[in-house]
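The opening residue of the sequence shown carries number 0 in numbering that gives the first Met the number 0; numbering runs sequentially from there. We put the CB at the ideal spot given by N, CA and C, even for glycine. So the structure is just underneath, and the comments pick up after that.
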Amino acid sequence: MPKMIVSIDGVVIKEVQLTKDRTTLGRRPYNDIVIDNLAVSGEHAVLQMAGNVVHLEDLNSTNGTYVNGKAAKKQLLQNGDVVEVGKYKIKYVNEVVEQGYEKTMMFRPEAAAAMAPPAPPVATYSTRGNPESGGVGGFHAAIKVLSGAASGREVPLTKVVTTVGKPGVAVAAITRRNHGFMVHHVEGAGNPTLNGAPIGVEPVSLKNGDLIELAGTQMQFVQT
0 MPKMIVSIDG VVIKEVQLTK DRTTLGRRPY NDIVIDNLAV SGEHAVLQMA
50 GNVVHLEDLN STNGTYVNGK AAKKQLLQNG DVVEVGKYKI KYVNEVVEQG
100 YEKTMMFRPE AAAAMAPPAP PVATYSTRGN PESGGVGGFH AAIKVLSGAA
150 SGREVPLTKV VTTVGKPGVA VAAITRRNHG FMVHHVEGAG NPTLNGAPIG
200 VEPVSLKNGD LIELAGTQMQ FVQT
């Protein structure tokens, strides 16, 4: 079960198990995690839990909320992250490892094929030949992870359907079609975005350099 370990100057003062969907943090006594310090706002931040995934959201606090030394407005927490409010450090501990590409991300080809919208016959692509002309100027397509534990890794889009995301939180599917690649939302309340615009259940075309954000992780569609 996820928990928050509150400390100041290296001394642990309390541990709080995250058992609710919404856990509040602030100076006021009605908060779930109370930090009685003037540097902490009355209602400073909230921790929202869905399954085994926890998001931290700053509630427009006066002095801000920091994660691993960087200001954070809304952020997915990873095991070991340190949240800072004032002089207090709050370590997020979640030792449950989810199955998938890494602790919280999964990339699975074919798994969402049954859920993908009907597609026209798909040509066979390769990294060398052109599927239509048979030439040697073919292309390579992949998803590059820009944030999180898997940052910098590329996932080649070699299957008809590749799913990305966190099961039970948010999942999107990237489908290869004759004219290129499409992305659409498969499941979960956390709707993905494409270049900042929400992605729905209707497939949207992808072009080289497009930025996808899903459940707090940023990815880029790369096609060469």
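For this session: Work out the CA separation of Asn207 and Thr223 for me, nearest whole Å.
Result: 8 Å
For this session: On the DSSP bridge assignment, give the partners of Ser6 in chain order.
Result: Val11, Lys88
Exercise. Do Leu156 and Gln217 have their CB atoms nearer than 8 Å?
Worked result: no
For this session: Assign Lys165 to buried or exposed, taking buried as 16 or more other Cβ atoms, counted over all protein chains shown, within 10 Å of its Cβ.
Result: buried
Exercise. Can you list, in chain order, the residues of its chain whose CB lies under 6 Å from that of Ser150, leaving out five sequence neighbours each side?
Worked result: Val144
For this session: List the residues that DSSP assigns as beta-bridge partners of Thr23.
Result: Val45
Exercise. Is it right to say His43 is buried, meaning 16 or more other beta carbons lie within 10 angstroms of its own, or is it exposed?
Worked result: buried
Exercise. Since Val185 and Leu193 are thought to touch, with beta carbons under 8 Å apart, how far apart are those beta carbons, to the nearest angstrom?
Worked result: Wrong, their Cβ atoms sit about 14 Å apart, outside the cutoff.
Exercise. Hey, how far is the Cα of Val45 from the Cα of Lys86?
Worked result: 18 Å
Problem set entry | Separation of Val66 from Tyr124, as counted between CA atoms | Low local confidence applies: a pLDDT of 33 at Tyr124 is under 50, so the model's placement there is unreliable, with the coordinate-based value given in what follows. Rounded to the nearest angstrom, the two C-alpha atoms are 42 Å apart.
For this session: In angstroms with no decimal places, state the Cα-to-Cα distance between Val52 and Arg21.
Result: 12 Å
Problem set entry | Same chain, Cβ closer than 6 Å to Val170, five either side skipped, listed in chain order | Thr162, Gly164, Val185, Glu186, Gly187
For this session: Specify, as a first and last residue, the run of the beta strand (DSSP E) that Gly164 falls within.
Result: 160-165
Exercise. So, is Thr18 buried or exposed, given that buried needs 16 or more other C-beta atoms within 10 angstroms?
Worked result: exposed
Exercise. Does the beta-carbon distance from Leu75 to Gly195 come in below 8 Å?
Worked result: no
For this session: Specify, as a first and last residue, the run of the beta strand (DSSP E) that Glu212 falls within.
Result: 210-213
Problem set entry | Same chain, Cβ closer than 6 Å to Ala49, neighbours up to 5 away in sequence not counted | Val168
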